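So the sequence lines, in the order shown, correspond to chains A and B. Here this note's numbering runs 134 ahead of the position in the first sequence, where the first position is 1. Here this note's numbering runs 134 ahead of the position in the second sequence, where the first position is 1. Using N, Cα and C, we set each Cβ at its ideal position, and we do this for glycine too. No experiment lies behind these values; they were computed from the predicted model shown. See structure below.
Number of protein chains: 2
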Amino acid sequence: MRDDAVHERKVGPLTFRLDLSQPLYEQILEQMRAAIARGELPLGEKIPSVREMAQALRVNPNTVSHAYQELERDGLTETRRGQGTFVTAEPARVDQFRTAIAEQAVNEFVDRMQALGFGWNDIDRLLDERKAKGGA
Amino acid sequence: MRDDAVHERKVGPLTFRLDLSQPLYEQILEQMRAAIARGELPLGEKIPSVREMAQALRVNPNTVSHAYQELERDGLTETRRGQGTFVTAEPARVDQFRTAIAEQAVNEFVDRMQALGFGWNDIDRLLDERKAKGGA
DNA sequence: CGTGTGTATTATGTGATATAATACACATGT
DNA sequence: ACATGTGTATTATATCACATAATACACACG
Numbered sequence: 135m136r137d138d139a140v141h142e143r144k145v146g147p148l149t150f151r152l153d154l155s156q157p158l159y160e161q162i163l164e165q166m167r168a169a170i171a172r173g174e175l176p177l178g179e180k181i182p183s184v185r186e187m188a189q190a191l192r193v194n195p196n197t198v199s200h201a202y203q204e205l206e207r208d209g210l211t212e213t214r215r216g217q218g219t220f221v222t223a224e225p226a227r228v229d230q231f232r233t234a235i236a237e238q239a240v241n242e243f244v245d246r247m248q249a250l251g252f253g254w255n256d257i258d259r260l261l262d263e264r265k266a267k268g269g270a
Numbered sequence: 135m136r137d138d139a140v141h142e143r144k145v146g147p148l149t150f151r152l153d154l155s156q157p158l159y160e161q162i163l164e165q166m167r168a169a170i171a172r173g174e175l176p177l178g179e180k181i182p183s184v185r186e187m188a189q190a191l192r193v194n195p196n197t198v199s200h201a202y203q204e205l206e207r208d209g210l211t212e213t214r215r216g217q218g219t220f221v222t223a224e225p226a227r228v229d230q231f232r233t234a235i236a237e238q239a240v241n242e243f244v245d246r247m248q249a250l251g252f253g254w255n256d257i258d259r260l261l262d263e264r265k266a267k268g269g270a
């Protein structure tokens, strides 16, 4: 288990977990994507400003901006100069995005397991074990 | 889909896929781990020498050495000066290692899916879809 | 006009990664 | 003894991604 000084910080309705095992902007990006995918940030919602987010996360504004620009490239948000960044992806689009991410996660997971020599039976078994232990 | 010039090179019985999306030594390390986990390199087997591997993969010997040292830290191999690097982990130990990696993969996968708001039903469904499409 | 937006620019610093060129320590076979 | 093949260590260099800092700019709104 890697701990590496995990920082948990809240900004508005969101909670971010940051550590040093990955680029900061990627962690912010991924957690923003997940928040939108979950529907936690609905259509039209204004997400925290770059400077506000930067201050809350104790991070440089440039770093937050980097993440936000990737969000826009994803087609999830839209930027309006002088106003802020808003979620503009419609629910159907968001769900499509969410599914795409999920399928990629599935593929990476299955490929990884098969590289270790596990078949479907083993995968199902290990998942059941996790199901028995873990939450949700 | 990321292509990024994937190089596939063979060395002895093994085949390596290298690209530039990750550190080279990590890719070598992970694929060596998988080969051992699969039982493709049995107990006592001498793995290719640092220089041989470096030449085959078109990579600096230091890079290969880095990967090999991590393998030894994993307790999978043992180094004998003047002789080479050998697989010294017994089958039971290898299997324990394989399971540990697999469980970590499962945990990361499940956590990621749950972060996207998917429950067990969704996970099972997406896995079934992949099962229908993909190989093995 | 003042304030709050996102963005751009320039500079600096750090760390991981990879390469190159050598040299060393050790085992083995001849 | 020697040559050869092992892993390893050292030193140097180079590159790149990442993050920060300090400013400045363009725009919207009240």
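Local Cβ density within 10 Å of residue i, reported as buried at 16 or more and exposed below that
i, result
"B:Gln161", "buried"
"B:Pro182", "buried"
"A:Thr213", "exposed"
"A:Ala201", "buried"
"B:Leu250", "buried"
Partners in chain A for residue i, counting only beta-carbon separations shorter than 8 Å
i, result
"B:Gly146", "Within chain A, no residue comes near B:Gly146; the closest Cβ sits about 18 Å away, beyond 8 Å."
"B:Lys265", "Trp254"
Integer-rounded CB distance, given that residue j should sit under 8 Å from residue i
i, j, result
"B:Val140", "B:Met187", "About 18 Å separates the two Cβ atoms, so there is no contact after all."
"A:Ile235", "A:Arg167", "7 Å"
"A:Val240", "A:Gly178", "At roughly 31 Å, the Cβ-Cβ gap does not stay under 8 Å, so A:Val240 and A:Gly178 are not in contact."
"B:Glu237", "A:Leu261", "With a Cβ gap of about 11 Å, B:Glu237 and A:Leu261 do not count as contacting."
"B:Trp254", "A:Lys267", "About 13 Å; that fails the 8 Å criterion."
8 Å CB neighbourhood of residue i in its chain, flanking five on each side removed
i, result
"B:Arg143", "Thr149, Phe150, Leu152, Ala190, Leu191 and Arg192"
Same chain only: Cβ atoms within 6 Å of residue i, ignoring 5 sequence neighbours per side
i, result
"A:Arg185", "Pro195"
"B:Val198", "Val184, Met187 and Ala188"
"A:Leu210", "Ile170 and Ala223"
"A:Met247", "Ile257"
"A:Glu204", "Leu163"
Contacts of residue i in chain A (Cβ-Cβ under 7 Å)
i, result
"B:Leu260", "Ala236, Glu237 and Val240"
"B:Phe243", "Ala239 and Phe243"
"B:Gly268", "Val244"
Neighbourhood of residue i by C-beta distance below 7 Å, restricted to the same chain and skipping five residues each side
i, result
"B:Arg232", "Ala171"
"B:Phe243", "none"
"B:Asp159", "In the sequence as displayed, the identity of residue 159 of chain B is Tyr instead of Asp. These residues qualify, in order along the chain: Thr197, His200 and Ala201."
"B:Leu175", "Ala169, Ile181 and Val221"
Proximal chain B residues relative to residue i, where beta-carbon distance stays under 7 Å
i, result
"A:Arg172", "Leu250 and Gly251"
"A:Arg232", "Leu250"
"A:Arg246", "Ala239"
Three-state class that DSSP yields for residue i in the structure shown
i, result
"B:Glu212", "strand"
"A:Glu174", "coil"
"A:Met135", "Residue placement at A:Met135 is flagged as unreliable, the pLDDT there being 48, under the threshold of 50; the coordinate-derived value follows with that caveat. In this structure, A:Met135 counts as coil in the three-state DSSP scheme."
"B:Gly146", "coil"
"A:Leu152", "strand"
"B:Thr233", "helix"
"B:Thr222", "coil"
Beta-carbon neighbours of residue i, restricted to chain B and to distances below 8 Å
i, result
"A:Met166", "By Cβ distance, chain B contributes nothing, its closest Cβ being about 11 Å from A:Met166, past 8 Å."
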